[in-house]
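Residue numbers (the numbering used here): 7 to 231. Ideal placement from N, C-alpha and C gives every residue a C-beta, glycine not left out. Given the structure is predicted, the values throughout are model-derived calculations rather than measurements. What follows is one structure encoded as structure tokens, with my remarks underneath.
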């Protein structure tokens, strides 16, 4: 972990916005490392619960398999509680939350009770067709879970994992029809967050179609620390 990159006394409560496949998860991890703050991903929380077969995981999986958003009541309390952990005292990067106006309002209210607020809402802007092309090229190993991309990160042997030799598949949630459905849901339910955080005065937009490091450098410039 890199240290010494955050100005003394400055907190970084950051929300990452952008459609599924826009690359916000990758950028969130890089931001978290640079500024030594936790990367809090609802996706990771859901996947862990799904793997363990918990009630929350099973409920979340039903929605995720259909390309739908997980309902507010399954995520709000879980995320707000996570923000009280010791590692988040100097800030955090929220990835995948909030996704709806009610979630955003719940977060605003929870932070206001502690005299806090979101510092930055960073929107990674990528056109829908770019995302459909990006995600349609993903391949996942059926055995070890390693991921590839037929253009950007191809396996050495087409259709097979470099690490364990098992077959690679196009996951259901990466198929064009599922991605399109997820994007439709995003535009309907999550896009209003851009207006919400614009009104809050914290929205910053970056071009997500350029190289990954160029996106990151643009974000760092926005954060200015």
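Separation of residue 26 from residue 117, as counted between CA atoms: Roughly 26 Å between the two C-alpha positions.
N-terminal and C-terminal residue of the alpha helix (DSSP H) that residue 115 is part of: Boundaries of the alpha helix (DSSP H) harbouring residue 115: 107–118, taken from the DSSP string.
Coil, strand or helix - residue 74 by DSSP: DSSP places residue 74 in coil when its eight states are reduced to three.
Status (buried if at least 16 other CB within 10 Å, exposed otherwise) for residue 74: When all chains shown are included, residue 74 counts as exposed.
Distance, residue 163 Cα to residue 23 Cα: Roughly 35 Å separates the two Cα atoms.
Residues near residue 66 in its chain [Cβ-Cβ closer than 7 Å; skip 5 each side]: Annotation for residue 66: 52, 55, 56, 76 and 80 place their beta carbon closer than 7 Å to its own, counting only its chain and skipping 5 residues before and after.
Proximal residues to residue 140 (C-beta, below 7 Å), its chain only, five neighbours per side dropped: Apart from sequence neighbours up to five positions away, the residues of its chain that approach residue 140 with a beta-carbon distance below 7 Å are 27, ordered along the chain.
Cα-Cα separation, residue 120 to residue 32: If you take the alpha carbons of residue 120 and residue 32, they lie about 29 Å apart.
Close beta carbons around residue 169, own chain, < 6 Å, minus the five adjacent residues each side: The beta carbon of residue 169 lies closer than 6 Å to those of 150 and 152 in the same chain, with the five residues before and after it left out.
Alpha helix (DSSP H) segment containing residue 142, residue limits: Counting along the chain, the unbroken alpha helix (DSSP H) around residue 142 starts and ends at 134–142.
The alpha helix (DSSP H) enclosing residue 184, as first and last residue numbers: For residue 184, the uninterrupted alpha helix (DSSP H) segment begins and ends at 182–191.
Where residue 104 falls, given that 16 or more other Cβ within 10 Å makes a residue buried: Label assigned to residue 104: buried.
CA nearest to the CA of residue 202, picked from 189, 60 and 127: For the options 189, 60 and 127, the alpha carbon positioned closest to that of residue 202 is the one of 127.
According to DSSP, residues forming a beta bridge with residue 97: Secondary-structure assignment with DSSP links residue 97 through a beta bridge to 18.
Bridge-paired residues (DSSP) for residue 154: Partner(s): 145.
Segment contact flag, the region 34–52 with the region 80–98, C-beta cutoff 8 Å, min 3 pairs: Look at the beta carbons and you see the region 34–52 touching the region 80–98: at least three pairs across the two are nearer than 8 Å.
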